[in-house]
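Going down the list, the protein sequences come from chains A and B. One gets our numbering by counting positions in the first sequence from 1 and adding 270 to each. One gets our numbering by counting positions in the second sequence from 1 and adding 270 to each. Don't be surprised by glycine CBs; every beta carbon is placed ideally from N, CA and C. The structure appears right after this line, and notes come after that.
There are 2 protein chains.
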Amino acid sequence: MPTIDILLPGFAIDTDQGHPAFCGVFLVRGPDTAGRSRTVLVDAAHVGRRPFLRDALAAHGLTAGDIDTVVLTHAHWDHVQNIDLFPHATLVVHRDERRYAHTPHADDWATPGWTGLLLEQLPVREVTDGEEIIPGVEVLALPGHSPGSIGVVVRTDRGRATVTGDALHFAYVARTRRNPLVFWDEDAATRSIDRVLAVSDVIYPGHDRPFRMTEAGDIDYLERFALTLTGLGPDTPGLSFADGTSRPTWTMPGVREQRALYEKNAAEIDRRISRVPRVLRPDLPGAGPARG
Amino acid sequence: MPTIDILLPGFAIDTDQGHPAFCGVFLVRGPDTAGRSRTVLVDAAHVGRRPFLRDALAAHGLTAGDIDTVVLTHAHWDHVQNIDLFPHATLVVHRDERRYAHTPHADDWATPGWTGLLLEQLPVREVTDGEEIIPGVEVLALPGHSPGSIGVVVRTDRGRATVTGDALHFAYVARTRRNPLVFWDEDAATRSIDRVLAVSDVIYPGHDRPFRMTEAGDIDYLERFALTLTGLGPDTPGLSFADGTSRPTWTMPGVREQRALYEKNAAEIDRRISRVPRVLRPDLPGAGPARG
Numbered sequence: 271m272p273t274i275d276i277l278l279p280g281f282a283i284d285t286d287q288g289h290p291a292f293c294g295v296f297l298v299r300g301p302d303t304a305g306r307s308r309t310v311l312v313d314a315a316h317v318g319r320r321p322f323l324r325d326a327l328a329a330h331g332l333t334a335g336d337i338d339t340v341v342l343t344h345a346h347w348d349h350v351q352n353i354d355l356f357p358h359a360t361l362v363v364h365r366d367e368r369r370y371a372h373t374p375h376a377d378d379w380a381t382p383g384w385t386g387l388l389l390e391q392l393p394v395r396e397v398t399d400g401e402e403i404i405p406g407v408e409v410l411a412l413p414g415h416s417p418g419s420i421g422v423v424v425r426t427d428r429g430r431a432t433v434t435g436d437a438l439h440f441a442y443v444a445r446t447r448r449n450p451l452v453f454w455d456e457d458a459a460t461r462s463i464d465r466v467l468a469v470s471d472v473i474y475p476g477h478d479r480p481f482r483m484t485e486a487g488d489i490d491y492l493e494r495f496a497l498t499l500t501g502l503g504p505d506t507p508g509l510s511f512a513d514g515t516s517r518p519t520w521t522m523p524g525v526r527e528q529r530a531l532y533e534k535n536a537a538e539i540d541r542r543i544s545r546v547p548r549v550l551r552p553d554l555p556g557a558g559p560a561r562g
Numbered sequence: 271m272p273t274i275d276i277l278l279p280g281f282a283i284d285t286d287q288g289h290p291a292f293c294g295v296f297l298v299r300g301p302d303t304a305g306r307s308r309t310v311l312v313d314a315a316h317v318g319r320r321p322f323l324r325d326a327l328a329a330h331g332l333t334a335g336d337i338d339t340v341v342l343t344h345a346h347w348d349h350v351q352n353i354d355l356f357p358h359a360t361l362v363v364h365r366d367e368r369r370y371a372h373t374p375h376a377d378d379w380a381t382p383g384w385t386g387l388l389l390e391q392l393p394v395r396e397v398t399d400g401e402e403i404i405p406g407v408e409v410l411a412l413p414g415h416s417p418g419s420i421g422v423v424v425r426t427d428r429g430r431a432t433v434t435g436d437a438l439h440f441a442y443v444a445r446t447r448r449n450p451l452v453f454w455d456e457d458a459a460t461r462s463i464d465r466v467l468a469v470s471d472v473i474y475p476g477h478d479r480p481f482r483m484t485e486a487g488d489i490d491y492l493e494r495f496a497l498t499l500t501g502l503g504p505d506t507p508g509l510s511f512a513d514g515t516s517r518p519t520w521t522m523p524g525v526r527e528q529r530a531l532y533e534k535n536a537a538e539i540d541r542r543i544s545r546v547p548r549v550l551r552p553d554l555p556g557a558g559p560a561r562g
């Protein structure tokens, strides 16, 4: 059976000066249909976690060159930026998400205009709901937070574990059933939360620790919180703390025009995809970003 | 005389799970040689500060479209990612830094392999030491932290204010005279710190509050620290705090081969620069990342 491990934990922490945006990064391993062992990364985090990601791989006896598949739950900045570390990987992304990333909306602060250039640095496999990545590891379409958000359902020996990306950022969302950040469709986002809850024994949120829902509807975390902050302390003058257990939903101002724009842009998206130069796998000895 | 304002404050905070990497972002304003008023942004921060950057511009009565020049102190991820917000701007960057960003070293975790694709989204003006951006605003070459790190010296009515980028991350570096993160040349980095100290009345560090050095050699901060953390508090189990006032220097493992590689890559760099498609200023009404 496939297994799931946390490579980098996700955090539900934030600040009033910028988003640290530490998403969870997961390692899924299991045999493919031919019995060969496969090593799948789910989400890649942003550059501020790059050295941590390399260290976490090493702690599992792996180098970046061992990753054969990188699945993106979605194309937001904090989930995608380290994909260039994995020169031997195929990028698995929902068709709608890949294409959206080439003409993101001006109001979409989580998807910079250059995101499409980044995604095309790896060979892309576009997927849709229900597709198998390896046996026992399947794509679960979870649109709403973004156009092509997906989850990854892993059939482990402890039950069905679902990596949700930001279809379910934080454990508390399993109770409020409202996505706190809607860049695409709020109703769809709520249906996606319900879908996660319906199919999962264990939930691996985008920015929180894995948890189960108890029969009473409470959150039962499976991991402890651990974080060290450097350069400040509880007595630092000017430092204050705010509760984060229920945030108001923010919906992108331009969300209503999103679907029509996306359809209108179809030809332009094809053109842009065809024009991106691949700068990875460099032919320059000793240089380049992506030596395994 | 030109003026300088803090748009986003820089922070000397860090974690053991990833770098928040909140650099300072500065607004420099003054007349050009023809007497026209100019609006210059120095550094652009990473995507996790994008909505905060827009809000800070609005608080100064500006939109992204009002920025005519974006100066990058260097091309590290946390300083460059929002340049696509400024479709009317010219990008000012040191020649060595721009070119390095097209073939970054595999060990350079702060400069992903796709950085060159990002930089070329704006028209680039390559600069070297001593060049004038507008009268009273000059480039100060500060290599060492990265190949083409620069400072920006602003001759204000309060004296010479220097935006240092990460040639001087934190105020304490003015006393240790050691750069804590060397991606290019440690000796050069120390000379650059000395150079900042020699020419500046007020120092605006890359990741700290502006300060003066007193006659006794102490640090006199000009701004108060202010930060709110959401989702945790001093009593959160598993949260700990560490001192950050003097960090050991980290030198990139591959730093010794850097200069030879950079020279060897010259032709490849030219080729890469010529091939980057510009995806900003989109011709699609209502879509695209960069409406002012």
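Taking CB distances under 8 Å as the criterion, tell me whether THR285(B) reaches chain A.
It does; some Cβ of chain A falls within 8 Å.
Tell me the start and end of each unbroken alpha helix (DSSP H) in the segment 299-336 of chain B that is at least 4 residues and wholly inside, in chain order.
Runs of the alpha helix (DSSP H) inside the segment 299-336 of chain B: 320-329.
Which residues does DSSP list as the beta-bridge partners of GLU396(B)?
VAL363(B).
Out of curiosity, what's the CA-to-CA distance linking VAL295(B) and ASP378(A)?
When rounded, the distance between both Cα atoms is 21 Å.
When you compare the segment 275-292 of chain B with the segment 311-322 of chain A, are there three or more beta-carbon pairs, one atom per stretch, that lie closer than 8 Å?
Counting Cβ pairs under 8 Å, three or more are found: they touch.
So VAL310(B) packs on VAL407(B), CB below 8 Å; how close in whole Å?
Indeed they touch by this definition, with Cβ atoms about 7 Å apart.
Between THR360(A) and chain B, is any beta-carbon pair separated by less than 8 Å?
THR360(A) does not count as touching chain B.
Does the beta-carbon distance from LEU550(A) to PRO357(A) come in below 8 Å?
A contact, by the Cβ cut-off of 8 Å.
Taking Cβ-Cβ distances shorter than 7 Å, what residues in chain B pair up with ALA345(A)?
Result: empty, since nearest Cβ-Cβ is about 12 Å, beyond 7 Å.
Comparing the C-beta of THR498(A) with each C-beta of chain B, is any distance below 8 Å?
Answer yes: the Cβ-Cβ gap between THR498(A) and chain B drops below 8 Å somewhere.
Establish whether the CB of TRP384(B) and some CB of chain A are separated by less than 8 Å.
So yes, TRP384(B) belongs to the interface.
Out of SER307(A), GLY300(A), GLN351(A), which one is the CA nearest neighbour of ALA371(A)?
Of SER307(A), GLY300(A), GLN351(A), the residue nearest in Cα terms is GLN351(A).
Spatial neighbours of ARG479(A) within its chain, please: CB distance less than 6 Å, with the 5 preceding and 5 following residues excluded, ordered by chain position.
These residues qualify, in order along the chain: TYR491, GLU493.
Given that LEU492(B) touches chain A, what residues does it touch there, using C-beta distances under 9 Å?
By Cβ distance, chain A contributes nothing, its closest Cβ being about 14 Å from LEU492(B), past 9 Å.
Hey, how far is the Cα of GLY564(B) from the Cα of ASP275(A)?
Since the first residue of chain B shown is 271 and the last is 562, residue 564(B) is not available in this structure.
Pull the bridge partners of ASP354(A) from the DSSP assignment, please.
According to DSSP, ASP354(A) bridges with nothing at all.
Answer yes if the segment 508-526 of chain B comes into contact with the segment 449-461 of chain B, meaning at least three C-beta pairs across the two stretches below 8 Å, and no otherwise.
Flag = yes, the segment 449-461 of chain B and the segment 508-526 of chain B touch.
Have a look at VAL424(A) and THR343(A) and give me their C-alpha separation to the nearest angstrom.
VAL424(A) and THR343(A): Cα-Cα distance of roughly 14 Å.
Among the residues of its own chain, which have a CB less than 8 Å from the CB of HIS330(A), if the five just before and after it don't count?
For HIS330(A), where only same-chain residues beyond five positions count, the Cβ hits under 8 Å are ASP275, LEU277, LEU297.
Do you know whose CA, among ILE539(B), TYR442(B), PRO272(B), ALA345(B), lies nearest ILE404(B)'s CA?
If we check each option's Cα against that of ILE404(B), PRO272(B) comes out closest.
Can you pull the chain E neighbours of VAL549(A), defined as C-beta to C-beta under 8 Å?
Here the protein chains are A and B, and chain E is not one of them.
Please list, in chain order, all residues of the same chain as THR426(A) whose beta carbon is under 7 Å from its beta carbon, the five residues on each side excluded.
Correct list, in chain order: MET271, PRO272, THR273, ILE274.
From this set, ALA458(A), ILE473(A), VAL362(A), ALA334(A), which residue's C-alpha is nearest ARG529(A)'s C-alpha?
With distances taken between Cα atoms, ARG529(A) lies closest to ALA458(A).
What residue does the alpha helix (DSSP H) around SER545(B) start on, and which one ends it?
Before going further, note that residue 545(B) is Arg rather than Ser in the sequence given. Segment 536-545, the alpha helix (DSSP H) holding ARG545(B).
For ARG542(A), count neighbouring C-beta atoms within 10 Å of its own C-beta (all shown protein chains included) and say buried if the count is 16 or more, exposed if not.
Burial call: buried.
Report yes or no: is there a C-beta of chain A within less than 8 Å of the C-beta of HIS289(B)?
With 8 Å as the cut-off, HIS289(B) counts as an interface residue toward chain A.
Could you tell me which chain B residues have their CB closer than 7 Å to the CB of SER510(A), listed as they occur along the chain?
Residues of chain B passing the Cβ test: THR498.
Please return the same chain residues whose Cβ sits closer than 6 Å to the Cβ of ILE337(B), not counting the five positions on each side in sequence.
Result list for ILE337(B): THR309, LEU311, PHE356, ALA359, in chain order.
Give, in chain order, every residue of the segment 317-330 of chain B whose Cβ lies closer than 7 Å to some Cβ of chain A.
So the list reads VAL317, GLY318, ARG319, ARG320, PRO321, PHE322, given in the order they occur along the chain.
For a cutoff of 8 Å on Cβ pairs, would you count VAL546(B) as touching chain A?
Yes - at least one Cβ of chain A is within 8 Å of the one on VAL546(B).
Return the chain-ordered list of same chain residues with a C-beta closer than 8 Å to the C-beta of ALA326(B), the five sequence neighbours on each side being excluded.
Here the set comprises LEU277, LEU278, VAL295.
Quick one, which of LEU509(B), ASP505(B), ALA496(B), THR506(B) has its alpha-carbon nearest THR506(A)'s?
Here the closest residue by C-alpha is ALA496(B).
Residues bridged to ILE404(B) by DSSP?
VAL407(B).
For ASP302(A), which residues in the same chain have their Cβ closer than 6 Å to its Cβ, ignoring the five residues on either side in sequence?
Once the five neighbours on either side are set aside, the close Cβ partners of ASP302(A) are ARG308, ILE404.
Do GLY421(B) and LEU412(B) have their C-beta atoms closer together than 8 Å?
Yes. Within cutoff.
So which residues of chain B does PHE281(A) contact, with C-beta pairs closer than 9 Å?
Simply THR285, GLN287, GLY288, GLY501, LEU502.
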